[in-house]
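Chains as they are written, first to last, in this note's numbering: chain A, 26 to 273; chain B, 26 to 273.
This report refers to the structure that appears directly beneath it.
Protein chains: 2
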Amino acid sequence: MKTPTTDRDPSPLSEAGASTAAQARFQRLHKILRDRICLLDYAPGHHLGEEDLAQEFGTSRTPIRRVLGWLESEGLIERRHGVGTIVTDVDLRSLDQVYRLRLELASLMGRLAPMRCSDADLALLQTHLTRCSKLRQQREPTEFARLNMDFCVALFSMIGNAPLREITERLYFQTSRIWLKSVPAMDLEEEISHFERQIFDVIEALRVGDHGAVGDICRAHISMSFNRMTLLRHAQAGGASLGATATA
Amino acid sequence: MKTPTTDRDPSPLSEAGASTAAQARFQRLHKILRDRICLLDYAPGHHLGEEDLAQEFGTSRTPIRRVLGWLESEGLIERRHGVGTIVTDVDLRSLDQVYRLRLELASLMGRLAPMRCSDADLALLQTHLTRCSKLRQQREPTEFARLNMDFCVALFSMIGNAPLREITERLYFQTSRIWLKSVPAMDLEEEISHFERQIFDVIEALRVGDHGAVGDICRAHISMSFNRMTLLRHAQAGGASLGATATA
DNA sequence: GACAAGTTAAATGTACACAACATATCGAAA
DNA sequence: TTTCGATATGTTGTGTACATTTAACTTGTC
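Here you go:
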């Protein structure tokens with residue numbers, strides 16, 4: 026119950042689920058650290074000490090180093106000899122490129138191959154919708170972040186084209202935390218409202234069996250979400266240049 | 026001179042070029058092993074012993090293990106505790122999925138962002154065209170494989186959208202060796218002829234500045250190449266079921 | 001007071017010995 | 001002859017001590 030580890034998902038990382046104990050531990054640690062990074066528990070620039078992590082998880086540095094190597098290959102952290110391991114940040118130019126690509130990939134989601142959507146999957150998305158409704162009253166950014174991640178992971182896991190699925194997940198994990206950084210400064214209620222509508226529309230499209238529409242819905246929401254974030258950033262930059270109230 | 030290591034390419038793997046000696050060695054080993062896998066020097070199923078590699082490159086197993094971990098994250102090898110490390114194979118279903126995705130990504134090549142094409146890049150592609158012309162008389166599959174890889178790497182490095190560039194390279198390295206396995210059974214002269222036309226057309230499009238056309242040309246050639254390979258496979262399968270001359 | 005060289009501390013990279021694991025081999029009993 | 005099992009062998013995973021590198025601190029001099 027503490028760590029579900031999602032054993033219903035046959036291919037979260039690359040291929041079949043963990044067979045040996047070592048691979049199981051590897052995937053567990055990988056997911057834990059990845060979530061900490063993507064949920065801003067480890068913000069960009071945060072220092073990750075191998076020794077500290079080894080002590081926390083009761084192992085030596087060796088398995089930790091393997092996990093860190095994987096996270097490095099995914100572009101989430103950066104290691105420098107003699108300096109340390111830090112969570113990477115993404116500049117606005119790169120972020121813009123990633124989002125433009127994500128728009129195109131979203132269109133392909135249900136078109137290259139039909140979505141793999143069982144009744145259990147639909148039920149899971151329904152729970153996300155319920156969680157989102159409750160969240161409209163709580164308004165906790167942390168819970169919003171986790172719900173967003175849970176929903177996206179669940180949705181992406183339904184993508185029929187395997188390489189597209191992996192790439193979509195990869196790009197999401199690379200950029201979600203950057204978007205998340207802007208959430209506190211945004212109108213949280215509005216964001217939650219938009220997100221709730223996205224979940225609702227996606228469920229509707231899946232229920233009807235219009236898999237192409239799922240991609241279009243996601244594309245539209247990704248686009249609008251990115252636009253709101255960009256607008257916010259420009260407003261902040263403008264306000265800073267005028268009133269000099271920013272931290273910089 | 027022995028190992029060019031392409032220091033003109035600012036971002037072959039993930040980010041900036043190797044700064045420390047350790048990272049330089051890592052990238053060198055990574056490129057060497059990746060090329061061996063993708064050029065079928067290590068065919069699918071081939072066993073890669075950590076101890077052997079360590080001895081060959083004059084290091085301990087530790088740096089080797091780091092490189093193997095990276096190759097594993099790229100889907101080129103598979104490691105199993107107590108068994109060994111083997112080069113992965115790709116079944117036809119997965120191969121079909123990858124090619125369908127590559128078609129779509131090719132269309133985006135010059136559309137998401139303009140190609141980064143300098144005069145030096147054009148000159149490099151010209152040398153590829155020259156090499157291809159010479160190859161029409163030599164007809165060496167190995168050289169054809171290397172030329173194909175050199176051209177694709179050079180072309181992909183011009184993709185303006187960084188994440189699309191990385192993904193395109195990644196998918197190419199994942200599947201090129203599978204296509205390469207079928208080359209010996211194909212009409213090599215025809216393949217070389219097609220490839221030469223592709224290079225010529227790409228150069229022409231780049232010279233005119235029609236970056237969108239570059240993607241369309243590549244898409245067309247990828248599509249036709251995959252069709253020829255599929256046709257060949259079906260012919261082999263049909264012949265095997267009729268005459269029982271196959272290895273199976 | 002400012003600057004520069006040496007020193008110290010902390011981090012990742014490396015090497016090696018050992019543990020855990022899977023498979024092949026050999027042999028004895030039914 | 002067949003089958004089951006113990007054993008031998010080879011492979012990757014882990015733990016640990018040490019080397020290498022970087023940045024910050026200290027200290028001495030101009």
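For every residue, glycine included, the Cβ atom is placed at its ideal position computed from N, Cα and C.
Query, Result
"Arg61/A versus His71/A: straight-line alpha-carbon distance, rounded", "11 Å"
"Contact under 8 Å by Cβ, Leu189/B with Leu137/B", "yes"
"Collapsed DSSP secondary structure at Ile184/B in the structure displayed", "coil"
"Chain-ordered residues of the region 64–84 of chain A with a beta carbon less than 9 Å from chain B", "none"
"Collapsed DSSP secondary structure at Thr45/A in the structure displayed", "coil"
"Residue-chain proximity (Glu194/B, chain A), Cβ-Cβ < 8 Å", "no"
"Contacts around Ser201/B, its chain only, beta-carbon distance under 6 Å, and the 5 residues preceding and following it disregarded", "Cys63"
"Residue burial classification, Ser182/A (beta-carbon count within 10 angstroms, cutoff 16)", "buried"
"Expected contact under 8 Å - CB spacing of His246/A and Met140/A to nearest Å", "At roughly 16 Å, the Cβ-Cβ gap does not stay under 8 Å, so His246/A and Met140/A are not in contact."
"Residue from Leu205/A, Ser44/A and Leu93/A with nearest C-alpha to Ile111/A", "Leu93/A"
"Pair within 8 Å by beta-carbon distance, Ser98/A and Ser98/B", "yes"
"Listed by chain order, chain B residues near Pro188/A by CB distance under 7 Å", "Gln122, Val123, Leu126 and Leu196"
"6 Å Cβ shell around Lys27/A - same chain, five flanking residues per side excluded", "At Lys27/A, the pLDDT of 34 sits below 50, so the modelled position is not reliable; the number obtained from the coordinates is stated separately. The answer is none, since no qualifying residue turns up."
"Interface flag, Arg91/A vs chain B, CB-CB below 8 Å", "yes"
"Span separating the alpha-carbon of Leu101/B from that of Arg59/B", "8 Å"
"Chain A contact for His106/B (CB, 8 Å cutoff)", "yes"
"Which residues DSSP lists as bridging Thr110/A, in chain order", "Arg104/A"
"8 Å Cβ cutoff met for Leu205/B and Ala170/B", "yes"
"Coil, strand or helix - His71/B by DSSP", "coil"
"Burial state of Arg164/B, where buried means 16 or more other Cβ atoms lie within 10 Å", "exposed"
"Proximal residues to Ile89/B (C-beta, below 6 Å), its chain only, five neighbours per side dropped", "Glu75, Leu78 and Ala79"
"Residue range of the unbroken alpha helix (DSSP H) whose run includes Arg86/A", "Arg86 to Ser98"
"Any C-beta of chain B under 8 Å from that of Ala145/A", "no"
"Which listed residue (Ile203/B, Cys142/B, Ser250/B and Ala262/B) has its alpha carbon closest to that of Val233/B", "Cys142/B"
"Extent of the continuous alpha helix (DSSP H) run through Ser332/A", "Residue 332/A is absent from the structure shown; chain A starts at 26 and stops at 273."
"C-alpha distance - Phe213/A paired with Gly107/B, whole-angstrom precision", "As written in the sequence, residue 213/A is Leu, which differs from the Phe given in the question. C-alpha separation (whole angstroms): 51 Å."
"Rounded straight-line distance, which links the Cα of Asp66/A to that of Thr167/A", "10 Å"
"Among Thr255/B, Arg91/B, Arg86/B and Ser158/B, the one whose alpha carbon lies nearest that of Gln52/B", "Arg91/B"
"Cβ pair Phe176/B, Ile228/B closer than 8 Å", "no"
"Backbone CA spacing between Gly109/B and Glu103/B [nearest angstrom]", "8 Å"
"Distance CB(Glu221/A)-CB(Leu150/A) smaller than 8 Å", "no"
"Whole-Å CB distance - Met254/B paired with Ser218/B, under 8 Å assumed", "That belief does not hold up - the Cβ atoms of Met254/B and Ser218/B are roughly 16 Å apart, past 8 Å."
"Spatial distance of Leu117/B from Val123/B (CA atoms)", "10 Å"
"Beta-carbon proximity list for Leu172/B, same chain, < 7 Å, skipping 5 on both sides", "His153, Arg156, Cys157 and Leu160"
"Cβ neighbour criterion (16 or more within 10 Å) applied to Met249/B", "exposed"
"Arg244/A versus Leu73/B: straight-line alpha-carbon distance, rounded", "42 Å"
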